[in-house]
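**Student:** This is the structure I have questions about; it appears just below.
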Amino acid sequence: MIETIRAAFVIARRDFTAIIFSKSFFFFLLGPMFPLAIGLAAGSLGQQVSQDIDRPVIGVALEDSQSAKLVSARAALVKNLGGAALPELLLLSDVNPADPDIQTKLDTASKPLNAIISGSLEAPLLTGSQRDVKRWSGKIALLTETALAGSNPVKVRTDFVAETDSSEQRARLAIAQGGQIILILLTMILAGMVLSNLVEEKTNKIIEILAAAIPMDAIFLGKLFAMLGMALVGITVWSTIGFIGISVMSTGIPALAAPAVGWPLFCILMVLYFSMAYLLLGSLFLGIGAMATTVREVQTLSMPVTMGQLLVFFLAAYTVTKLEEPAEWLAVIFPFSSPFAMIARAAQMDNIWQHGLALVWQGLFTLIIIRFSVILFRRNVMKSGNSARKKKLFARMRG
């Protein structure tokens, strides 16, 4: 056992150093940044365009004194309701309040108008399409009432109470769902590199040279933990950049509700459960790599595993709101869905001992899969050497 661990450490150090100090690893770190930056830019641009298109503008065809009161009322309400809650007002100075040509002004105004308010503040008339009038008649009534009251909206008294159990439960449920989504995305993005690394070394016959000097269990363990270390380095870099970006863009990290076990322990459990999910899926990919001989076979065999990983994620996501029910216990016990189900428990339940049992169970199942993958590798890759030895033995028996 000690010799196997030492050999696995040698393989892990070799692979980890070769990956980290390669030029391709730098571009691997930059890879997710480009889609993320493009997505943020496209989302921001789309939101700005949508706001420009959907920004409501109401024309005001009232007397000058009443128009000024209405504008002052809107400015006072914006302080309490925000600018997005109220339509923009456009004063129509070239319209006669006594006999306004509303239809013509709706079609020829300098800005696209949703409706025009005319008449007087005591008896306002809102003219526009049926949809716009129904949408904004309530806000116009609020504006006119505030204007008639002297542009001073009523101050609402406030009384704050401690956070209720229901609001805390909803916040923890959101944390559980967010933790599951982060785990599945990172696992599916990074675990496939184990498979490509093994197939590449099989193609170059490097794996057979290593197998001649080191036990196959040590080779598989070393490769798996080397890729896990590479994944953790990438996650650390991305997380650091993300925290810096959030701090700069929002002038500080926003305050979030705490999970049941607290943020420090929850973050540690996120790392541990990601590691176990990565090792479980990576060990399964090692078994696939042991059976595959070409890249086409790798793609064919890995597709069912990827789809199955989505199914176990859906199982864990389904049981987030069903703590300690049979379906949730199934997600906790089944090894491939256990990391996702347990991180949801960490967000909603404060007992810690269960996480130790879950991590031990997931680690044991990982070792079982690695052992089975080694057997498959010996039967599929090393069979040529075994058959040659058998032929030599038969020749000696024949004399």
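Terminal number for the sequence shown in my numbering: 399, no gaps in between.
Heads up, the beta-carbon is just placed ideally off N, CA and C, and yes, glycines get one too.
Helix, strand or coil for T17, going by three-state DSSP, please let me know.
**Tutor:** If DSSP states are grouped into helix, strand and coil, T17 belongs with the helices.
**Student:** In three-state terms, what does DSSP make of I117?
**Tutor:** Three-state result, I117: strand.
**Student:** Report yes or no: do the stretch 352 to 371 and the stretch 282 to 291 share at least 3 C-beta pairs separated by less than 8 Å?
**Tutor:** Flag = yes, the stretch 352 to 371 and the stretch 282 to 291 touch.
**Student:** With distances taken between CB atoms, is the gap from I184 to Q309 smaller than 9 Å?
**Tutor:** Result yes, Cβ atoms of I184 and Q309 sit closer than 9 Å.
**Student:** For L311, tell me which candidate among K322, L143, E145 and S338 has the shortest Cα-Cα distance.
**Tutor:** Among K322, L143, E145 and S338, the Cα nearest to that of L311 belongs to S338.
**Student:** Less than 8 Å between C-beta atoms, sequence neighbours within five positions excluded: which residues of the same chain meet that for M1?
**Tutor:** Excluding residues within five positions, none has a Cβ falling inside 8 Å.
**Student:** Give the range of the alpha helix (DSSP H) segment to which L228 is assigned.
**Tutor:** Counting along the chain, the alpha helix (DSSP H) containing L228 begins and ends at M216 to M249.
**Student:** Taking the C-alpha atoms as reference points, what is the distance between L437 and A213?
**Tutor:** The structure shown has nothing for residue 437, since the chain only spans 1 to 399.
**Student:** Which value, in whole angstroms, describes the spacing of the CA atoms of A162 and M276?
**Tutor:** In this prediction, A162 scores a pLDDT of 49, lower than 50, which makes its location untrustworthy; the coordinate-derived value is nonetheless stated afterwards. Each residue's alpha carbon lies about 38 Å from the other.
**Student:** In whole angstroms, what is the alpha-carbon distance linking M303 and F340?
**Tutor:** Their backbone Cα atoms lie some 21 Å apart in a straight line.
**Student:** Any contact of the stretch 11 to 20 with the stretch 219 to 229, i.e. 3+ C-beta pairs under 8 Å?
**Tutor:** Verdict: yes, contact present.
**Student:** Roughly how many angstroms separate the alpha carbons of A147 and R55, rounded to a whole number?
**Tutor:** Each residue's Cα considered, the two are about 22 Å apart.
**Student:** Kindly indicate the opening and closing residues of the alpha helix (DSSP H) around V485.
**Tutor:** No answer is possible for residue 485: it lies beyond the span of the chain, which begins at 1 and ends at 399.
**Student:** Alpha carbon to alpha carbon, what distance is there between M193 and L272?
**Tutor:** Rounded to whole angstroms, L272 to M193 spans 19 Å at the Cα level.
**Student:** Which whole-angstrom value is the C-beta distance of S120 and Q66, which I expect to be below 8 Å?
**Tutor:** Contact flag correct, Cβ pair sits at about 6 Å.
**Student:** Apply the 10 Å Cβ neighbour rule to R6 and answer buried if 16 or more other Cβ atoms are within range, or exposed otherwise.
**Tutor:** Result: exposed.
**Student:** Suppose contacts are defined by Cβ-Cβ distances below 9 Å. Is Q169 in contact with I343 by that definition?
**Tutor:** Not closer than 9 Å, so no.
**Student:** Please name the residue, chosen from G262, I241 and L232, that lies closest to M349 on a Cα-to-Cα basis.
**Tutor:** Nearest option by C-alpha distance: G262.
**Student:** Return the Cβ separation of V320 and L173 in integer angstroms, given the expectation that the two are a contact with Cβ distance under 8 Å.
**Tutor:** Confirmed, about 7 Å.
**Student:** In chain order, what residues of the same chain lie with their CB nearer than 6 Å to the CB of I19, ignoring the 5 residues before and after it?
**Tutor:** If we look at I19 and ignore the five residues flanking it on each side, its Cβ neighbours are F25 and M230.
**Student:** Is it buried or exposed, A37, if we count other Cβ atoms within 10 angstroms and call 16 or more buried?
**Tutor:** Exposed.
**Student:** Look at the Cβ atom of L90, then the Cβ atom of V60, and state whether they are nearer than 9 Å.
**Tutor:** Yes, the pair counts as a contact, with Cβ atoms nearer than the cut-off.
**Student:** Please confirm whether I189 and N114 have their CB atoms less than 9 Å apart.
**Tutor:** No; because the gap between Cβ atoms is not below 9 Å, this pair is not in contact.
**Student:** Please state the DSSP three-state secondary structure of P112.
**Tutor:** It is coil, neither helix nor strand.
**Student:** Are the CB atoms of I175 and A257 nearer to each other than 9 Å?
**Tutor:** Yes, they are a contact pair.
**Student:** Is T321 helix, strand or coil by DSSP?
**Tutor:** Correct three-state label for T321: coil.
**Student:** If you drop the 5 nearest sequence neighbours on each side, which residues of the same chain put their C-beta closer than 6 Å to that of Q362?
**Tutor:** For Q362, where only same-chain residues beyond five positions count, the Cβ hits under 6 Å are M276, P335 and S338.
**Student:** Quick one: Cα of M216 to Cα of V374, how far?
**Tutor:** So the alpha carbons of these two residues sit roughly 6 Å apart.
**Student:** If you check the beta carbons only, do A191 and L301 fall under 9 Å apart?
**Tutor:** Cβ distance not < 9 Å, so A191 and L301 don't count as in contact.
**Student:** Between V248 and V305, what straight-line distance do the alpha-carbon atoms span, to the nearest angstrom?
**Tutor:** Distance between the alpha carbons of V248 and V305 is about 40 Å.
**Student:** Straight-line CA distance for L265 to V78?
**Tutor:** The alpha-carbon atoms of L265 and V78 are separated by roughly 42 Å.
**Student:** Based on the DSSP secondary-structure assignment, which residues constitute the bridge partners of G128?
**Tutor:** Answer is A115.
**Student:** I'd like to confirm the pairing. Which residues does DSSP put opposite E88 in its beta bridges?
**Tutor:** Paired residues: V57.
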